[in-house]
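Participant:
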Amino acid sequence: MRRMRKSLLRAALVIASCAIAPQQAVAAGPKKVESGKTQIVAKLDGREITVSELRTEMARLGLSPNQPGAERIALENVINRALLATAARHANMHKKPEGLRRMRAAQEQALADLYLSTASQPPEPTMTEIEDFILDNPTFFSKRRVYTFNVLSLPTAAFVGEDLTPLFDDTPDFADLKSHLDRSRASYAQSSVMQPSNAFPEAIRLQLSEYGVNDNIVIKSEDETQIMKIVALKKAPLPADAAPAFARRALLENGANERANRLVEGLKAKAKISYFRKAAAPLAAAGVSPADGK
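Quick note on this note's numbering: the sequence shown kicks off at -9 and runs consecutively.
If you want it as structure tokens, here you go:
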């Protein structure tokens, strides 16, 4: 029996970056001003950048105040964005249709994120809930593992499961598969990665708990397929003194996600939504004509 399992894993990775270095920022350390006013951390062409703005940027980037260099990263991001925005205004991009659309989308996204982060905050989990979470999720704690994967990535169009599976299933490496791909002149890339079991979604965590060396996970997207072969694994239980804090964070994150989903669905249920383009409509509404309303 083959031991290959196929799983679909979608990850949305959002990376904020900018390659333009600030040229005209005036270096200035934080200074205290009169009571009731906000501290200034920097000035850019006369514009004051405040501690409040810095904290907002850190939250937007997901940076912790305790993270080394967090304020420096956030300030550089603020300065870079301000310089680019000024350059865009000088080019009159803020008056063009594309610029107006993007500014409107950015403003709505900022307000939506602020509302969601406030309205979806779950209550603090009780100690009983934390203890139950630890018992119900052993792959996070007592049965946590660390896996070393050999990863081969190739275009999904070149991945024909019934033909390629025998070339890597129950084999110690991708030698046979790579020979086949070379003969077929198919492009591919190979890498190695180490991940703990708690880095994966629950469905894959549970599957991995039953996997051994040479078992495979196949992750397919529209454009790329990744074959992840387990080449080594070791038990790595989370220390008992670290488990409650980890469980609390997980419960808060799960609770926030659940509340956010319910909030959005509730708002949709109250709104009057009409779809006029089948390709853009949700699958449940794809067959509904525009006159049918929601």
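Just so you know, even glycine gets a beta-carbon here, dropped at the ideal spot from N, CA and C.
Which partner residues does Y178 have in the DSSP bridge list?
Facilitator: Answer is none; Y178 lacks a bridge partner.
Participant: Out of L223, L167, A235, V183, which has the shortest C-alpha to C-alpha gap to Y201?
Facilitator: Among L223, L167, A235, V183, the Cα nearest to that of Y201 belongs to L223.
Participant: With 16 other CB atoms within 10 Å as the buried threshold, where does I124 fall?
Facilitator: Per the 10 Å Cβ criterion, buried.
Participant: Can you give me the start and stop residues for the alpha helix (DSSP H) that I124 sits inside?
Facilitator: That run of the alpha helix (DSSP H) goes 117 to 126.
Participant: Roughly how many whole angstroms lie between the Cα atoms of A250 and T108?
Facilitator: Near 10 Å, if we compare the C-alpha coordinates of T108 and A250.
Participant: So for A189, helix, strand or coil by DSSP?
Facilitator: Three-state result, A189: helix.
Participant: Counting pairs of Cβ atoms below 8 Å between the region 135 to 152 and the region 220 to 239, do you hit three or more?
Facilitator: Because the criterion of three Cβ pairs below 8 Å is met, the region 135 to 152 and the region 220 to 239 touch.
Participant: Taking A147 as the reference, which of L101, R195, T129, A176 has the closest Cα?
Facilitator: Looking at the Cα atoms, A176 is the closest of the given residues.
Participant: Which residues bound the alpha helix (DSSP H) around R173?
Facilitator: Taken as a continuous stretch (DSSP letters only), the alpha helix (DSSP H) holding R173 covers 165 to 173.
Participant: Check whether the Cβ atoms of V31 and E47 sit closer than 8 Å, and answer yes or no.
Facilitator: Cβ atoms of V31 and E47: not closer than 8 Å.
Participant: Within its chain, find whatever has a CB closer than 7 Å to the CB of S297; leave out the 5 residues flanking it on each side and keep chain order.
Facilitator: A question about residue 297 goes unanswered here, because the residues of the chain that appear run from -9 up to 284.
Participant: Which residues bound the beta strand (DSSP E) around Q216?
Facilitator: It spans 214 to 225 - the beta strand (DSSP E) in which Q216 sits, taken as one unbroken run.
Participant: Is K86 helix, strand or coil when you go by DSSP?
Facilitator: Three-state result, K86: coil.
Participant: Count Cβ pairs between the region 228 to 248 and the region 145 to 165 that sit closer than 8 Å; are there 3 or more?
Facilitator: Not touching, per the Cβ criterion.
Participant: Three or more C-beta pairs closer than 8 Å, one from the region 264 to 274 and one from the region 162 to 175: is that the case here?
Facilitator: Segments in contact, no.
Participant: If you count every other CB in all the chains shown that lies within 10 Å of the CB of R239, and 16 or more means buried, which is it?
Facilitator: Exposed, by the Cβ-count rule.
Participant: Nearest to K210 by alpha carbon, out of R45, S174, L144, K260?
Facilitator: Of R45, S174, L144, K260, the residue nearest in Cα terms is L144.
Participant: By a C-beta neighbour count over all protein chains shown, 10 Å radius and 16 as the cutoff for buried, is D205 buried or exposed?
Facilitator: With 16 or more other Cβ atoms within 10 Å, it is buried.
Participant: Compute the beta-carbon to beta-carbon distance between H84 and A77, rounded to the nearest angstrom, for a pair I have assumed lies under 8 Å.
Facilitator: Contact flag wrong, Cβ pair sits at about 11 Å.
Participant: Decide if A95 is buried, meaning its Cβ has at least 16 other Cβ atoms within 10 Å, or exposed.
Facilitator: With fewer than 16 Cβ atoms within 10 Å of its Cβ, A95 is classed as exposed.
Participant: Pull up the distance between the alpha-carbon of P227 and that of P186, whole angstroms please.
Facilitator: If you take the alpha carbons of P227 and P186, they lie about 10 Å apart.
Participant: Mapping DSSP to helix, strand and coil, what is P145?
Facilitator: Correct three-state label for P145: strand.
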